[in-house]
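Report on one structure; see the data block that follows.
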Amino acid sequence: MSQPLLQVKGLRHTYMRGTPLEHTALHGVDMYANKGECVAIIGHTGSGKSTLIQHFNGLQLPESGQVVIDGVDLSQPKLNVKELRKKVGLVFQNPEDQLFEKLVGDDVAYGPFKQGLPLEQVVEQVKWAMELVGLSFEEMKDRATYALSGGQKRKVALAGVLALRPKILVLDEPTAGLDPKSRKELLERIRYLNRQEQLTVIFVSHNMEEVAYLADRVYVMAGGCVVCSGTPREIFGNRSVLEEHQAGAPETVEILYRLYDRGFDVKPDAFLVEEAAQEILSVLPGIRR
Amino acid sequence: MAGEFELTRNITIGQYLPTGSVIHRLDPRYKLAAYVIIVIAIAMCSSYLGNLVALAFCLWLFWQSRIPIHYGISGIKPAVPFIIILGVLQLLFYGGIATGGTVYFEYAFVKITSASIKLVIVSAVRFVEIIFISSVLTLSTSTTQLTHGMERLLSPLEKVKFPVHTFAVVITIAVRFVPTFAMEMEKMMKAQASRGAEFGTGEWWRIVKRTKDMFPIIIPLFNVAMTRAEDLILAMEARCYTPGAARSAYNHYRAAARDYAALAVGILAALILLIVPDPL
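Line by line, the protein sequences are chains A and B. According to numbering that gives the first Met the number 0, the first sequence is numbered sequentially starting from 0. According to numbering that gives the first Met the number 0, the second sequence is numbered sequentially starting from 0.
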């Protein structure tokens, strides 16, 4: 197999080093992401997820251990951080807070302009990014950012990162605090970006339905380490891991586990809604599949 | 470079370092009173010997409070440019105002005398002392204690209709939000850096460009601050906060022997600084 697009080996990180308040956020993390994959990182607050993803675009540099992205080792002293940030788009929690321009189009164009691209190309990339997140370029570009709804603002912020044309999109709790409709829309957009545009997506989430919907592979983090990784089916099928780290599971899995506990013959790792429905139907008396 | 965004690390105001020392356990009213007295004495003390004593006293305070001295030193770092500018101005122009002292150098309006050199040295040392003693105070006293102490100390001013309580609330909130906004700013800088922003990379004389570089941080930060302020108002009112209403206090301070002792030490130190004769 060829080299993964993103590879992390033995990554450690300590905050407030050399002060009495120092604490180690990452204790040797290993992970990778292949091109076109969608990888989820789950785990409790304080498990090191945010610190980890900040290493992906050089906001934090490896203290020890290795981060290699698209063949570039982040430990090398002559690292071109700007190039790296063009490759890896990082969307923070509540990204709508970061909008600062008066008009939507200007805000999305901030990144491409900072790269010093010519105007036509900036316009083209802004248009591409806005259409991708489901904002009509013609209609939205001259709207005032402050007058948008929360969900729209978040889409604008996402477009602002996509406009850099990254190879890897990293999202920190992309749907936190959104209403159900915006949440669904945003998830569909992310899925589209991953499946249709072949964008490699890495996201942090507390919502297992999202993980089930989007992820190809899942990393479970606890106490600054990756404690478990695998496909959603492997993770959700591994009850001891779920319980030990209180990782939670999608409702489908929860229901199947409850049925299983009552002695019904179901496979609890059938986390997709259709699969779970089939499993439940299979044990309902009087209904033949 | 990795520390580029670790803003919280450089902010010592409002940082509390619990070591449980005697100084930490002092009644904040007495601690604050002793602090004010000593700072005034330091400000008035203009002799070499007096400042040497004051410096030694500050170091003794660090030792007593079991706070590593490098905390005090890191507090000096941001003040160094001010100390230098102040020193240069005093060195060049003070000699012209002050009388007496030996004249070492004179050209046009620049006049360097022994008096101006002394002033430069003494004021730099004073600055360091005041930073040291303030660091000890803030590192050994939590912000709630500090504001409570201040409120109690200022309470006589209520007689002259000074809004002591409101003042204390304003200070509490301001100090409380310093670390919050530092974190918010850190997040904002990281978010904008992820979109290709650069900070502090332009040449220092291109002030307009460097200011413009800060817009992507300042504007959202203002927004966040406004939102937070509105939330805070609601949260306070939801818990029945009424401006100007009489309020009882949760903490009641009772001074113990060590608090009187601390005040006495403060007054003694101040007196020593003040009676050291000037020529020394």
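We put the CB at the ideal spot given by N, CA and C, even for glycine. Note that the structure is a prediction, hence the values are computed from the model and not measured.
Requested in this report: Show which residues of chain B have a CB atom less than 8 angstroms away from the CB atom of F91(A).
Outcome: Position 92 of the first sequence, counted from the start, is the residue given in the question as residue 91(A). Here the neighbours are K186, K189, A190 and S193.
Report task. Kindly list, in the order they appear in chain A, the residues whose Cβ is closer than 7 angstroms to that of F214(B). Result -> Within the second sequence, numbered from 1, the residue matching residue 214(B) stands at position 215. Simply F99.
Query raised in the report: Going straight from the alpha carbon of P117(A) to that of F99(A), what length do you get?
Result: For the purposes of this step, residue 117(A) is identified with residue 118 of the first sequence, where counting begins at 1. For the purposes of this step, residue 99(A) is identified with residue 100 of the first sequence, where counting begins at 1. Whole-angstrom Cα-Cα distance: 22 angstroms.
Query - Reduced DSSP category for C224(A) - H, G, I as helix; E, B as strand; rest coil - result: Taking the first sequence and counting its residues from 1, the one referred to as residue 224(A) is at position 225. Correct three-state label for C224(A): strand.
**Report entry** Contact list for the stretch 50-73 of chain A against chain B, Cβ threshold 8 angstroms
**Finding:** Q53, N56, L58, Q59, L60 and E62
Query raised in the report: Nearest to V103(A) by CA position, among L134(A), Q92(A), F112(A) and E119(A), is which residue?
Result: Locating residue 103(A) in the first sequence gives position 104, counting from the first residue. Of L134(A), Q92(A), F112(A) and E119(A), the residue nearest in Cα terms is L134(A).
Requested in this report: Compute the beta-carbon to beta-carbon distance between R232(A) and D268(A), rounded to the nearest angstrom, for a pair I have assumed lies under 8 angstroms.
Outcome: Working through the first sequence from its first residue, we reach residue 232(A) at position 233. Working through the first sequence from its first residue, we reach residue 268(A) at position 269. At roughly 5 angstroms, the Cβ-Cβ gap stays under 8 angstroms, so R232(A) and D268(A) are in contact.
Query raised in the report: To the nearest whole angstrom, what separates the beta carbons of Q114(A) and K86(A), a pair I think is in contact under 8 angstroms?
Result: Translated into positions along the first sequence, residue 114(A) becomes position 115. Translated into positions along the first sequence, residue 86(A) becomes position 87. The pair is not a contact, with the Cβ atoms about 12 angstroms apart (cut-off 8 angstroms).
Requested in this report: Establish whether the CB of Q114(A) and some CB of chain B are separated by less than 8 angstroms.
Outcome: As a position in the first sequence, residue 114(A) is number 115, starting the count at 1. Yes, contact with chain B.
Requested in this report: Measure from the C-beta of I218(B) to each C-beta in chain A and report whether the shortest distance is under 8 angstroms.
Outcome: One-based indexing of the second sequence puts residue 218(B) at position 219. At least one chain A Cβ lies under 8 angstroms of I218(B).
Query raised in the report: Excluding the five sequence neighbours on either side, which residues of its own chain have a C-beta within less than 7 angstroms of the C-beta of F108(B), listed in chain order?
Result: In the second sequence, counting from the first residue as 1, residue 108(B) sits at position 109. G95.
Report task. Identify each residue in the stretch 221-247 of chain B for which the Cβ-Cβ distance to at least one residue of chain A is less than 8 angstroms, and report them in chain order. Result -> N222 and V223
Query raised in the report: Does the distance from the CB of I36(B) to the CB of G243(B) come in under 8 angstroms?
Result: Within the second sequence, the letter at position 37 stands for residue 36(B). Within the second sequence, the letter at position 244 stands for residue 243(B). No.
Query raised in the report: Roughly how many angstroms separate the alpha carbons of M0(B) and T50(A), rounded to a whole number?
Result: Within the second sequence, residue 0(B) is the residue found at index 1, counting from 1. Within the first sequence, residue 50(A) is the residue found at index 51, counting from 1. Since pLDDT at M0(B) reaches only 38, below the 50 mark, its modelled position is unreliable, and the value read off the structure follows with that caveat. Distance between the alpha carbons of M0(B) and T50(A) is about 16 angstroms.
Report task. Could you have a look at D96(A) and say whether DSSP puts it in helix, strand or coil? Result -> One-based indexing of the first sequence puts residue 96(A) at position 97. D96(A) falls in the helix class under three-state DSSP.
**Report entry** Residues in the stretch 90-119 of chain B having any Cβ partner in chain A nearer than 9 angstroms
**Finding:** none
Query raised in the report: Which runs of the alpha helix (DSSP H), 4 residues or longer, sit entirely within the stretch 17-82 of chain A?
Result: 48-53
Query raised in the report: Is the CB of A1(B) under 8 angstroms away from at least one CB in chain A?
Result: Start at 1 with the first residue of the second sequence, and residue 1(B) comes out as number 2. Note that A1(B) scores a pLDDT of 41, beneath 50, so its modelled location is shaky; the value from the coordinates is reported in the next line. By this cut-off, A1(B) is an interface position.
Report task. Give, in chain order, every residue of the stretch 31-48 of chain A whose Cβ lies closer than 8 angstroms to some Cβ of chain B. Result -> none
Report task. Please determine, among M43(B), A263(B) and K76(B), the residue with the shortest C-alpha to C-alpha distance to S134(B). Result -> Position 135 of the second sequence, counted from the first residue, corresponds to residue 134(B). Looking at the Cα atoms, K76(B) is the closest of the given residues.
Report task. Say whether chain A places a C-beta atom closer than 8 angstroms to the C-beta of A196(B). Result -> Here residue 196(B) is taken as the residue at index 197 of the second sequence, counted from 1. Interface residue, yes.
**Report entry** Selected residue, minimal CA-CA separation from I116(B), among V275(B), V38(B), Y15(B) and L85(B)
**Finding:** Here residue 116(B) corresponds to residue number 117 of the second sequence, with the count starting at 1. If we check each option's Cα against that of I116(B), L85(B) comes out closest.
Report task. Within the same chain, show all residues whose beta-carbon is closer than 7 angstroms to that of V21(B), passing over the 5 residues directly before and after it, in chain order. Result -> The residue you call residue 21(B) lines up with position 22 of the second sequence. If we look at V21(B) and ignore the five residues flanking it on each side, its Cβ neighbours are Q63 and R257.
Query raised in the report: Buried or exposed: where does H251(B) fall if 16 or more other Cβ atoms within 10 Å of its Cβ makes it buried?
Result: Residue mapping note: residue 251(B) aligns to position 252 of the second sequence, counting from 1. Classification of H251(B): exposed, given that the 10 Å Cβ count is below 16.
Report task. For F221(B), count neighbouring Cβ atoms within 10 angstroms of its own Cβ and tell me buried if that reaches 16, exposed if not. Result -> As a working note, residue 221(B) is residue 222 in the second sequence. With fewer than 16 Cβ atoms within 10 Å of its Cβ, F221(B) is classed as exposed.
Query raised in the report: Is it the case that the Cβ atoms of D72(A) and V225(A) are separated by a distance below 8 angstroms?
Result: As a first step, residue 72(A) is located in the first sequence; it is residue number 73 there, counting from the start. As a first step, residue 225(A) is located in the first sequence; it is residue number 226 there, counting from the start. No. Outside cutoff.
Requested in this report: Return no unless some Cβ of chain B is closer than 8 angstroms to the Cβ of P284(A).
Outcome: Reading the first sequence from its first residue, position 285 is the one you call residue 284(A). No, because no Cβ of chain B sits closer than 8 angstroms to the Cβ of P284(A).
**Report entry** Whole-angstrom distance between V223(B) and P284(A), CA atom to CA atom
**Finding:** Counting from 1 along the first sequence, the entry for residue 284(A) is found at position 285. Counting from 1 along the second sequence, the entry for residue 223(B) is found at position 224. Spanning the two alpha carbons is a distance of roughly 56 angstroms.
Query - Classification of T199(A) by the beta-carbon crowding that lies within 10 angstroms, buried from 16 upward - result: Numbered from its first residue, the first sequence carries residue 199(A) at position 200. Looking at its Cβ environment, which holds 16 or more other Cβ atoms inside 10 Å, T199(A) is buried.
Query raised in the report: When you compare each of F136(A), E172(A) and G176(A) to S148(A) by their alpha carbons, which one comes out closest?
Result: Taking the first residue of the first sequence as 1, we reach residue 148(A) at position 149. When only C-alpha atoms are compared, the closest one is G176(A).
**Report entry** Residue interval of the beta strand (DSSP E) (run including D171(A))
**Finding:** The residue given as residue 171(A) occupies position 172 in the first sequence. Looking at the DSSP string, the run of the beta strand (DSSP E) that includes D171(A) is I167 to D171.
**Report entry** C-alpha gap between P67(B) and Y14(A), whole angstroms
**Finding:** Within the second sequence, numbered from 1, the residue matching residue 67(B) stands at position 68. Within the first sequence, numbered from 1, the residue matching residue 14(A) stands at position 15. C-alpha separation (whole angstroms): 19 angstroms.
Query - Other residues of its chain near S141(B): CB distance less than 6 angstroms, five sequence neighbours each side excluded - result: Working through the second sequence from its first residue, we reach residue 141(B) at position 142. Once the five neighbours on either side are set aside, the close Cβ partners of S141(B) are Y15.
Query raised in the report: With a CB to CB cut of under 6 angstroms and the five nearest residues on each side skipped, what residues in its chain are close to E62(A)?
Result: To locate residue 62(A), count along the first sequence from 1; it is residue 63. Counting only Cβ-Cβ distances below 6 angstroms, and skipping sequence neighbours, we find R11 and H12.
Query raised in the report: When burial is assigned at 16 or more other CB atoms within 10 Å of the CB, is Y249(B) buried or exposed?
Result: As a position in the second sequence, residue 249(B) is number 250, starting the count at 1. When all chains shown are included, Y249(B) counts as exposed.
Query - 8 angstroms Cβ cutoff, L131(A) in contact with chain B - result: Along the first sequence, read from residue 1 onward, the residue named residue 131(A) stands at position 132. So, not an interface residue.
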